[in-house]
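Protein chains in written order, with the numbering used here: chain A, 96 to 494; chain B, 7 to 297.
All C-beta atoms in this analysis are idealised placements derived from N, C-alpha and C, irrespective of residue type, glycine included.
All figures in this text were calculated on a predicted structure; none of them were measured in a lab.
Worksheet: one structure, shown below.
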Amino acid sequence: MKRGLMLAGIVFTVIFCLGLSSTLAQDTIKIGIVLPMTGDQAKFGEIEKLSFDLALEEINAAGRVKGKKLEFLIEDDTGRPEVGRSVVEKLITKDKVVMVGGGYSSSVTYAVAGVCQQNQMPFLVNTGAADNISTSGWDWIFRLNPPVSEYAGAIESLLKVVVKPTTAVILHENSLFGTSGAKEFEKTCERLQIKMLLKEGYEAGGIDYKPVLSKVKQLNPDIVYMISYIMDASLLMKQAKELKLAPKMFIGGAAGFTLPEFKQNAGVASERVISATLWHEVVPYPGAMDYSKKFVARYKKETEYHGAEAYAAAYVIADVLKRAKSFSNTHIKQALSETNLMTVFGPVKFVAYGKHKNQNKLPTYVVQWIDGKLELVWPAELATKKFIFPVDWNKIWGY
Amino acid sequence: MDRLLQTLVAGVLIGGIYSLIGIGMTLIMGVMGIINLAHGQLMMVAMYITFVLSSYLHLDPYFSLLVAMPALFLLGVLLQKLFLNPLMKIESILPENQVLMTVGIGMVLTEIARFIFSSDYKSVKTVYSSSVFFIGGISFNLPMCIAFFFALALTALLFWFLLKTDIGRSIRATAQDRDAATLMGVNTGKITVITFGLGSALVAAAGCLLIPIYYLFPDIGGPFTLKAFVITILGGLGSTVGAIFGGLVLGIAESLGAAYIGMGYREMVGFVIFVLVLIFLPGGLKRLTKI
Chain A
96 MKRGLMLAGI VFTVIFCLGL SSTLAQDTIK IGIVLPMTGD QAKFGEIEKL SFDLALEEIN
156 AAGRVKGKKL EFLIEDDTGR PEVGRSVVEK LITKDKVVMV GGGYSSSVTY AVAGVCQQNQ
216 MPFLVNTGAA DNISTSGWDW IFRLNPPVSE YAGAIESLLK VVVKPTTAVI LHENSLFGTS
276 GAKEFEKTCE RLQIKMLLKE GYEAGGIDYK PVLSKVKQLN PDIVYMISYI MDASLLMKQA
336 KELKLAPKMF IGGAAGFTLP EFKQNAGVAS ERVISATLWH EVVPYPGAMD YSKKFVARYK
396 KETEYHGAEA YAAAYVIADV LKRAKSFSNT HIKQALSETN LMTVFGPVKF VAYGKHKNQN
456 KLPTYVVQWI DGKLELVWPA ELATKKFIFP VDWNKIWGY
Chain B
7 MDRLLQTLVA GVLIGGIYSL IGIGMTLIMG VMGIINLAHG QLMMVAMYIT FVLSSYLHLD
67 PYFSLLVAMP ALFLLGVLLQ KLFLNPLMKI ESILPENQVL MTVGIGMVLT EIARFIFSSD
127 YKSVKTVYSS SVFFIGGISF NLPMCIAFFF ALALTALLFW FLLKTDIGRS IRATAQDRDA
187 ATLMGVNTGK ITVITFGLGS ALVAAAGCLL IPIYYLFPDI GGPFTLKAFV ITILGGLGST
247 VGAIFGGLVL GIAESLGAAY IGMGYREMVG FVIFVLVLIF LPGGLKRLTK I
C-alpha cells in the first residue's frame with residue numbers, strides 16, 4: 096500500500112514536472128534567424144546579429160508578446176546556399192519555430208525562401224536583395240528591404256539632374272546580388288540614354304584588379320558604377336587611384352561602399368566617392384539616430400544599414416506576433432500582410448506591385464564621402480552636405 | 007600596348023608572391039608526400055602576427071618578417087611533431103589521414119583567429135601602402151615591387167640552403183628517397199619536422215609581404231591554400247624550381263585572362279591551365295626545366 100502510494104507520488108511528481116517544463120517551454124516564442132556567422136560574410140552577419148540582440152532585449156524588457164518571451168534562434172548559414180537550406184529545415188522541423196527571419200546574402204536567402212515556401216513557413220527577409228526573391232510568386236515570403244533593382248533609384252535622379260553622364264562602365268561581383276544589380280543599372284542607363292561601354296563581372300576576393308581597371312581607363316567613361324562588397328570596394332578604389340583612372344564620378348551600388356571599413360582601407364581613395372544607400376543614421380525616421388547611438392555605446396563600433404534592417408526586422412516580428420490571432424502559420428502570415436509599422440528603417444508595409452509580391456517600398460538615398468565622413472547628399476532636401484561635383488581626382492588623391 | 011604591358015607587369019608581380027606561397031607547400035609535398043591543406047591558414051596566422059605587431063607596436067610589416075617567420079617556423083615544427091608525425095605510425099583505412107589532419111588544423115586555426123579578432127576585416131596601413139611610381143605610362147605599386155624582390159631573395163636563399171647546407175642536402179635526400187636517406191643515416195623524422203617549419207616560415211613571409219597590399223580576415227586562408235595547391239601541381243609535385251615557374255605562370259595567365267577574356271574568368275583561366283597541365287604534362291612544368 097505504502098509502496099503504491101510512493102509510486103503514485105513519483106508518477107505524479109514526474110507528470111507535474113513534465114507539465115511544468117512544457118508550460119515553461121511555452122513561455123517563449125521561438126523565431127529562427129538565418130545569418131552568416133562564419134565565412135567571408137561573417138562581418139555583416141555579426142552586425143545583424145548584434146542588432147537583433149539589441150532589439151530583442153528592448154522588446155522583452157518593454158513587456159512581452161502576449162505574456163511570452165521572444166527568443167531568436169540564430170543559425171549560421173556560413174554564406175552557402177546549401178547550408179542555409181539545411182539550417183532552416185532544422186529550425187522548422189526540430190526547433191518548431193513560428194516564423195523565420197534574417198537572410199543576408201541573396202543566394203542563401205533565395206534558397207532559404209524556397210524551403211520556407213515549401214513548408215508554409217512565414218519568412219521575413221531583411222537583407223537578401225536579389226529581385227527573384229520577391230518576384231517568384233512566393234506568398235509566404237515577405238521582404239523588408241528594397242530589391243536590388245531599386246537600390247539605384249536616388250542615384251538615377253542624381254545622375255539625371257547633376258552629373259549628366261553620356262558613357263558608363265559597370266563592374267560587379269558575379270554573385271546573384273552583383274549580376275542582378277548590374278542588370279538593373281543597365282536599364283537605368285538605357286532610360287537616361289547613357290552609353291554602356293563595358294559591363295564586367297569579377298570573382299569576389301581578388302588581389303589585383305589592375306588588368307580590368309586599365310581596360311576601363313582606356314575606355315575613359317564618364318561614370319564607373321561598382322557593385323562590390325567592402326574589401327573589393329576598397330581595393331578597386333585604391334587601384335583605380337594607382338592607375339590614375341579618373342572618370343567624372345565613381346559610384347558604388349550600396350553594399351561595401353558605405354561601411355566605415357571602406358574608408359579605413361581605401362584611405363584617401365575613398366574621398367568623394369558616392370554610393371547608393373538604403374539607410375543612413377540621419378534619415379528622417381523616428382529612432383534612427385537613437386539606434387545608431389545605442390549600437391555604438393553598446394558594442395563600441397559603428398553600425399550601418401544592414402544593422403538597421405535587422406533592428407527594424409526584430410520590431411516587425413514582435414509587432415506581427417502581437418497582432419497575430421494565434422501563433423499558427425496562417426495567422427502569422429495574415430498579420431504580416433497587414434503590417435503597417437514605422438521603424439528605424441522606415442515605414443514597413445508589404446504590398447504587391449509590378450512582379451513583386453509582399454515587398455516593402457522604400458526610398459533610397461545617395462551618400463558621399465566628404466573629408467572622411469559619410470554625408471547624405473541626395474535627395475537635396477534631406478542633404479546634410481552639398482553634393483560635391485565636379486571632382487578633381489588627381490588633386491584629391493595628392494598627385 | 008600600354009594596356010598589355012600594364013597587365014604583364016601586374017601578372018609578374020603577383021606571380022612572384024604566388025611563387026612564394028606555393029614554394030612552401032611544394033617543399034612539404036616533396037619531403038612528406040602530403041598536401042598541406044592548412045597552408046593558407048598558416049599564412050593567415052602570420053598575417054595576424056604582422057597585424058598585431060603593426061597596430062600595437064607600430065612595427066613595419068617588412069620588419070615583422072623577422073618575427074612572423076621564426077614564429078611560424080616554430081608553429082610548423084610543433085604541428086608536425088604533435089599532430090602529423092604521430093599519425094604516420096597509425097594504420098588507418100585512409101593512408102592520407104595526415105592530409106585530413108591538416109584540414110582540421112586549418113579549421114581550428116581559422117576559428118581561433120575568429121575568436122580572438124572577430125570576423126572584422128583588418129588591414130595594415132603604411133605610408134607606402136598605396137604609393138606608386140610610373141615608368142612610361144605603366145604604374146608600379148611600390149609594396150608589390152618590394153614584395154616581388156623579397157620573394158626573389160627568399161627563394162634564392164632557400165636554394166642556397168637546399169644546395170649548400172647539410173640540413174638542406176638531407177631534405178633533398180629525404181624528398182628523393184626516404185628509405186635510402188634513412189639508411190644513409192639521415193634522421194628523416196627530424197627532417198620532416200624541419201621541412202614543415204620551413205614551409206610554414208616561407209608562407210609566413212608571403213603573408214607579411216601581402217598584407218600592405220591586401221587585407222585580412224579569418225577566412226582568408228582557404229583561397230590561398232587553393233592557389234598554393236594549383237601552383238604545386240603546375241610546378242610538378244615537389245619541385246621547387248617548378249613552383250617558381252608555376253607561380254609566375256599562374257599570375258601572368260590570370261592577369262591576361264582578366265584583361266582580355268573577362269574579369270570573371272580570372273580564376274577559371276588558372277584552373278583551365280591546371281587541368282591542361284594535368285592532362286598533357288603530368289609531371290608539371292618541372293618536366294620542361296629538367297631540374
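Any chain A beta carbon closer than 8 Å to residue i
i, result
"residue 273/B", "yes"
"residue 62/B", "no"
"residue 119/B", "no"
"residue 54/B", "no"
"residue 223/B", "yes"
"residue 9/B", "yes"
"residue 66/B", "no"
"residue 131/B", "yes"
Beta carbon of residue i nearer than 8 Å to that of residue j
i, j, result
"residue 216/A", "residue 221/B", "no"
"residue 125/A", "residue 220/A", "no"
"residue 112/B", "residue 205/B", "no"
"residue 258/A", "residue 344/A", "yes"
"residue 302/A", "residue 320/A", "no"
"residue 445/A", "residue 432/A", "yes"
"residue 322/A", "residue 248/A", "no"
"residue 262/B", "residue 28/B", "no"
"residue 167/A", "residue 151/A", "yes"
"residue 280/B", "residue 236/B", "yes"
"residue 136/B", "residue 364/A", "yes"
"residue 517/A", "residue 225/A", "The requested residue 517/A does not occur in the structure, where chain A is confined to residues 96 to 494."
"residue 459/A", "residue 372/A", "yes"
"residue 177/B", "residue 197/B", "yes"
"residue 279/A", "residue 299/A", "no"
"residue 238/A", "residue 454/A", "yes"
Closer than 8 Å to chain B by CB, residue i
i, result
"residue 321/A", "no"
"residue 307/A", "yes"
"residue 155/A", "no"
"residue 413/A", "no"
"residue 397/A", "no"
"residue 362/A", "yes"
"residue 187/A", "no"
"residue 199/A", "no"
"residue 469/A", "no"
"residue 325/A", "yes"
"residue 117/A", "With a pLDDT of 46 at residue 117/A, under the threshold of 50, the modelled position of this residue cannot be trusted; read the value that follows with caution. Chain B, which has no Cβ nearer than 8 Å to the Cβ of residue 117/A, makes this no."
"residue 113/A", "Low local confidence applies: a pLDDT of 48 at residue 113/A is under 50, so the model's placement there is unreliable, with the coordinate-based value given in what follows. No, its Cβ sits nowhere closer than 8 Å to a Cβ of chain B."
"residue 269/A", "yes"
Start-to-end residues for the alpha helix (DSSP H) that takes in residue i
i, result
"residue 425/A", "424-432"
"residue 266/B", "246-266"
"residue 240/A", "Looking at the DSSP string, residue 240/A is not in any alpha helix (DSSP H), and its letter there is neither H nor E."
"residue 177/A", "176-188"
"residue 197/B", "194-216"
"residue 442/A", "Where residue 442/A is concerned, there is no enclosing alpha helix (DSSP H), although the beta strand (DSSP E) it sits in stretches over 441-443."
"residue 283/B", "272-286"
"residue 103/B", "103-123"
"residue 238/B", "227-241"
Residue range of the unbroken beta strand (DSSP E) whose run includes residue i
i, result
"residue 155/A", "That residue, residue 155/A, is in no beta strand (DSSP E); its alpha helix (DSSP H) goes 137-156."
"residue 344/A", "344-347"
"residue 141/B", "138-141"
"residue 267/A", "262-268"
"residue 316/A", "Run containing residue 316/A: none; DSSP gives neither H nor E here."
"residue 451/A", "451-455"
"residue 180/B", "Here residue 180/B belongs to no beta strand (DSSP E); instead the alpha helix (DSSP H) covers 172-182."
"residue 479/A", "Taken as a continuous stretch (DSSP letters only), residue 479/A belongs to no beta strand (DSSP E), as it is neither H nor E."
"residue 13/B", "Not the beta strand (DSSP E): residue 13/B falls in the alpha helix (DSSP H), residues 8-38."
"residue 298/A", "Looking at the DSSP string, residue 298/A is not in any beta strand (DSSP E), and its letter there is neither H nor E."
Supposed close pair residue i, residue j - CB separation, criterion 8 Å
i, j, result
"residue 42/B", "residue 116/B", "Going by Cβ atoms, the distance from residue 42/B to residue 116/B rounds to 15 Å, so no, they are not a contact pair."
"residue 391/A", "residue 384/A", "So it is not a contact: roughly 11 Å between Cβ atoms."
"residue 187/B", "residue 194/B", "6 Å"
"residue 380/A", "residue 334/A", "Incorrect: roughly 37 Å between the Cβ atoms, too far for contact."
CB contact check: residue i to chain C, cutoff 8 Å
i, result
"residue 402/A", "The displayed structure is made up of protein chains A and B, and chain C is not among them."
Query - 4 or more residues per run - each alpha helix (DSSP H) lying fully within the region 356-420 of chain A - result: 383-394, 400-418
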